[in-house]
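Okay, structure first, notes after.
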Amino acid sequence: MKTLFNVAKIMSCALLALSLSACFIRPYKFDLEQGNLISADKIAQVQPGMSEEQVKYVLGTPMLQDVFHTNRWDYVYLEKPSYGKEKRSHLAIYFNDGVVSEVIRDPLPENVA
Numbered sequence: 167m168k169t170l171f172n173v174a175k176i177m178s179c180a181l182l183a184l185s186l187s188a189c190f191i192r193p194y195k196f197d198l199e200q201g202n203l204i205s206a207d208k209i210a211q212v213q214p215g216m217s218e219e220q221v222k223y224v225l226g227t228p229m230l231q232d233v234f235h236t237n238r239w240d241y242v243y244l245e246k247p248s249y250g251k252e253k254r255s256h257l258a259i260y261f262n263d264g265v266v267s268e269v270i271r272d273p274l275p276e277n278v279a
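Structure follows, in structure tokens:
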């Protein structure tokens with residue numbers, strides 16, 4: 167009877183420890199990066215007057231090409247770290263008659279050189 171009581175005590179302590187540890191363990195979350203990560207020096211190379219082919223050579227294919235705004239290319243970048251704050255950047259290039267007329271960009275995330 168005494169050994170049965172000791173086994174029950176050990177099992178209840180183990181069950182309590184296991185259930186409490188389940189409350190504090192966080193599941194694994196992976197870092198997520200999506201879109202076009204473009205450095206500041208590449209963005210600086212894009213100047214008004216450049217053709218669409220030149221822009222595509224420097225920056226690559228845009229993430230978004232809107233069918234309703236064919237004169238605008240959008241380069242979007244999203245970084246979701248596993249634990250932390252989400253970072254976004256957006257670069258819009260406007261074309262007029264096939265050449266760059268305007269470049270508008272959000273600030274780049276801090277970790278991008």
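Here the working numbering is used: the first residue of the sequence shown is 167, the next is one more, and so on.
For every residue, glycine included, the Cβ atom is placed at its ideal position computed from N, Cα and C.
query	result
For Glu199 and Gly226, the rounded distance between their alpha carbons	17 Å
Gly264 beta carbon less than 7 Å from that of Glu218	yes
Inter-residue Cα distance where the pair is Val269 and Gln211	11 Å
Nearest-angstrom Cα separation, counted from Phe234 out to Val278	Low per-residue confidence applies at Val278: pLDDT is 49, beneath 50, and the placement is therefore not dependable enough to give any value.
Secondary structure of Tyr241, DSSP reduced to three states	strand
Nearest residue (CA-CA) to Leu230, options Ala183, Ile259 and Thr169	Ile259
Close beta carbons around Ser146, own chain, < 7 Å, minus the five adjacent residues each side	Any question about residue 146 goes unanswered here, given that the chain covers just 167 to 279.
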